[in-house]
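Residues 99 to 355 in our numbering are what the sequence shown lists, from first letter to last.
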Amino acid sequence: MEHPPRCNVRECRREVGQQALVTTCSHIFCVECAARHGLSGPVSDRQRKCPACRTGLQGPDDAVLANLNLNEDYKSSVLSGLSPTVIMECTGRALSFWAYQTSQEECRQTVKKMTAQLKTMERRHQSAISEVIEEKETLQERFQAQILDYSDLRRKYEELGKLYKDKCRRLNQVQDLYDKVKQRVEMGQVEAAASDAVDFQLLGPGPNTTQGLCEHQQEPTYLDPQRHAGPIRVYGQYGSVASREEEPWSRPGPTPG
């Protein structure tokens, strides 16, 4: 597929049309750009340079205005009278010029396509970077919130630890106080029991003991001679208060007349 020639000025790059200025360095320019860069006028003493490659164009045939829309008569006479060697040389140079322009255009199209793809990838990259930055900021906010929560929980843990230690200390104090009170109560009970025992030994049996003994003696008791042949003891409030040896007796019968 043939590509129409375009102006080799980078800022222009439009199709040249029917006329264009061609140079011996294989570049082509539209008429407007050629006039703007001083290539289409007569050769002067000032140095002319190619706008594309900055090559000097000092010869009168280094930059010429060419007609790109040739008629059939011109095509028949343009190379007429020339030897086949010159014709082949001119044709080879013309084909080299066309191949160079075609390759440059293909490179430009490739660069244009790659530039568009690069811009697309750059936009995607920027979008991905923006998403990563937003996610990073979100994670940083969550991390800061977690730090605050951790500090709050640590402070509460320390407070609970202090309260627990204080409760344990108070519990130990109450336990010690309870042990002391319990020891005092037990000592008082022991002292009271010892005091009662001493009073009994010193004062002897009281009236309650005598009353219990009398009540026990008033009730008739029938004992089995075989089972109650030993000593008989009478118990009162303070233990054994009377003891005697008795002979076994039998149940009383009718009084003889």
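Ideal Cβ positions, reconstructed from N, Cα and C, are used throughout, including at glycine.
- Taking a cut-off of 8 Å on C-beta distances, the stretch 213–228 does not touch the stretch 109–124, as fewer than three cross pairs fall below it.
- Gln-117 and Arg-111 have their C-alpha atoms roughly 15 Å apart.
- In this structure, the CA atom of Leu-269 is about 15 Å from the CA atom of Gly-259.
- Contact annotation: the stretch 100–109 touches the stretch 142–158, with at least three C-beta pairs closer than 8 Å.
- Along the stretch 151–234, the alpha helix (DSSP H) occurs as fully enclosed runs of 4 or more residues at 170–175, listed in sequence order.
- With a 10 Å radius around the Cβ and a threshold of 16 neighbouring Cβ atoms, Cys-266 comes out exposed.
- About 7 Å separates the beta carbons of Leu-166 and Val-114, which is inside the 8 Å limit, making them a contact pair.
- For Val-120, the enclosing beta strand (DSSP E) covers residues 117–121.
- About 6 Å separates the beta carbon of Val-162 from that of Val-120, a gap short enough to meet the 8 Å contact definition.
- In the structure shown, the three-state DSSP call for Arg-134 is helix.
- Counting every other CB atom within 10 Å of its CB across the protein chains shown gives Leu-168 a total below 16, marking it as exposed.
- Residue burial annotation: Gln-224 is exposed, with fewer than 16 other C-beta atoms found within 10 angstroms of its C-beta.
- Using a 10 angstroms sphere on the CB of Gln-238, the tally of other CB atoms stays under 16, which defines it as exposed.
- Sixteen is the threshold: when 16 or more other Cβ atoms of the shown chains lie within 10 Å of the Cβ of Leu-137, as they do, the residue is buried.
- Under the three-state reduction of DSSP output, Arg-252 falls in the helix class.
- In terms of Cβ geometry, Glu-187 and His-101 do not form a close pair [threshold 8 Å].
- About 12 Å separates the Cβ atoms of Leu-193 and Ile-185, ruling out a contact at the 8 Å cut-off.
- Within the DSSP secondary-structure output, Arg-104 pairs in a beta bridge with Glu-113.
- Rounded to the nearest angstrom, the gap between the Cα atoms of Gln-271 and Asp-264 is 11 Å.
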